[in-house]
Amino acid sequence: MSRYVVLFGPPGAGKGTQAARLKDALGVPHISTGDMFRDHKKRQTALGQQVDAILARGDLVPDSVTNDMVDERLGRPDVAPGALLDGYPRNVAQAQELDRMLEARGRRLGDVVVIEVPDDELKARLKKRGLDSGRADDQDDATIQNRLETYVAQSAPCVAFYAGSGRRVHRIPGLGTPDEVTARIVAALGL
Ligand code: AMP
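With my numbering, letter number 152 in the sequence shown gets 152, and the count goes up by one each step, no holes.
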């Protein structure tokens, strides 16, 4: 049986950190659309050049571009046992498209893990990550604010969409040490 899990939450919630720890416990690959876009930027591919300014502003890349990239990724054989999706979907249209992409392959998303962290803490974490990692979209206050507002306006409605479509939605408090948060998610997913 394959297992598809969406790791959901605002920027700075710790999705990437948790995904790196959970993918082994789940035995599935970690798919981060943010990492994929940053990789394209680094390699200066056509897609990388197309999304560069969008990432710098903290806006969402158009759905058609994002969905095509994810569809290609989901077609690779390593995803047959399942996947841990991080940063995708980011709006309800993407969530619906993900359902279609999985259904076309005879698969289904089962669990949605929502990592919840208060706004002040998110801002502090993003600033710190900007300083530590040099990640451009974590350094500018206006970009950070835009990403947090985009989450509330466009991404957060996915939680209601999933709750209303029979998925297991696990709301996980994201404060505490990374180990504590991992333990909560492991318990929620029954790993
Ligand atoms: P992340 O690393 O998940 O915070 O993503 C970094 C940036 O990549 C976002 O601010 C968006 O510009 C873009 N991005 C990542 N995932 C998506 C997505 N599912 N839809 C649209 N844009 C995305």
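The beta-carbon is built from N, C-alpha and C at its ideal position, and this holds for glycine as well.
Check: residue i C-beta below 7 Å from any heavy atom of ligand 1
i      : result
THR33  : yes
PHE37  : yes
ASP59  : yes
LEU55  : yes
GLN193 : The structure shown does not extend to residue 193, since the chain is modelled only from 1 to 191, so the question has no answer here.
GLN94  : yes
THR66  : yes
TYR88  : yes
ARG105 : no
PRO11  : yes
ASP132 : no
ARG147 : yes
ASP99  : no
ASP71  : no
Helix, strand or coil at residue i according to DSSP, with G and I counted as helix
i      : result
ASP86  : strand
VAL186 : helix
SER133 : helix
SER64  : helix
LEU175 : coil
LEU74  : helix
ARG57  : helix
VAL117 : coil
ASP111 : strand
SER32  : strand
ARG38  : helix
ARG168 : strand
LEU7   : strand
SER2   : coil
Option in the options with minimal Cα separation from residue i
i      : options                       : result
VAL65  : GLY34, HIS170, ILE144         : GLY34
ILE185 : PRO10, GLY12, LEU26           : LEU26
THR177 : PRO11, GLN18, ALA46, ASP86    : GLN18
PRO10  : LEU60, ARG73, VAL152, ASP111  : VAL152
THR150 : PRO89, HIS30, ALA124          : PRO89
VAL112 : ASP140, GLY166, ARG73, LEU102 : GLY166
VAL159 : HIS40, GLU72, GLU116          : GLU116
LYS41  : ILE31, PRO173, HIS30, ILE54   : ILE54
GLN145 : GLY134, LEU122, LEU22, PRO157 : LEU122
ASP154 : ASP179, ASP59, ALA183         : Contrary to the premise, residue 154 reads as Gln rather than Asp in this sequence. GLN154 has its Cα closest to that of ASP59, out of ASP179, ASP59, ALA183.
GLU72  : GLN50, MET36, VAL92           : MET36
LEU74  : ALA104, ALA56, ARG129, ALA156 : ALA104
- Does the pairing of the region 77-84 with the region 1-19 give three or more beta-carbon distances under 8 Å? yes
- Query: Quick check: the region 46-54 against the region 87-103, are there 3 or more CB pairs under 8 Å?
  - Reply: no
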